[in-house]
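Numbering (our numbering), first residue to last: 1473 to 1587.
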């Protein structure tokens, strides 16, 4: 899991997931305080930080926060890791599309949108 959040928020997010049975094997954060700082994180920095979290026992990667500009790197990151990557915006789009009745695949935004 990779977030832009500060330690206090990270504790809450990680706790929420682990309480629901999600094993968070690796955790990274940019420790940003504001939305403007989050939006200023370069996609290349997100890509590098996400790759640094990878390990053989990790099954997938979650990039948390709708303000983090991660959607454009999902395909490249999945190719490099050989694992699924889910971003907050990608998951939101997937759910909205399903609620609207769209069930077809959408290329270019990761495995989730091709389901």
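Built from N, CA and C at the ideal position, the CB exists for glycine as well.
Determine which residues share a DSSP beta bridge with residue i and list them.
i, result
"residue 1573", "Residue 1573 pairs with nothing; no bridge assigned."
"residue 1535", "1474, 1559"
"residue 1500", "1474"
Confirm, please, whether the CB-CB distance from residue j to residue i is below 8 Å.
i, j, result
"residue 1497", "residue 1524", "no"
"residue 1531", "residue 1582", "no"
"residue 1505", "residue 1478", "yes"
"residue 1476", "residue 1501", "yes"
"residue 1521", "residue 1533", "no"
Excluding five sequence neighbours on each side, which residues of the same chain lie with their C-beta closer than 6 Å to the C-beta of residue i?
i, result
"residue 1542", "1518, 1535, 1559"
"residue 1511", "1539"
"residue 1578", "1585"
"residue 1494", "none"
"residue 1503", "1478"
Taking 8 Å as the limit between beta carbons, can you name the residues of its chain near residue i, skipping five residues before and five after?
i, result
"residue 1566", "1584, 1585, 1587"
"residue 1486", "1473, 1496, 1499"
"residue 1463", "Nothing about residue 1463 can be reported from this structure: the residues present for the chain run from 1473 to 1587 only."
Report the CB separation of residue i from residue j in whole angstroms; it is logged as a contact under 8 Å.
i, j, result
"residue 1473", "residue 1499", "5 Å"
"residue 1573", "residue 1547", "About 25 Å; that fails the 8 Å criterion."
Taking the alpha-carbon positions, what's the residue i to residue j distance?
i, j, result
"residue 1569", "residue 1555", "23 Å"
"residue 1488", "residue 1480", "13 Å"
"residue 1553", "residue 1545", "12 Å"
"residue 1557", "residue 1529", "15 Å"
"residue 1562", "residue 1490", "21 Å"
"residue 1575", "residue 1564", "14 Å"
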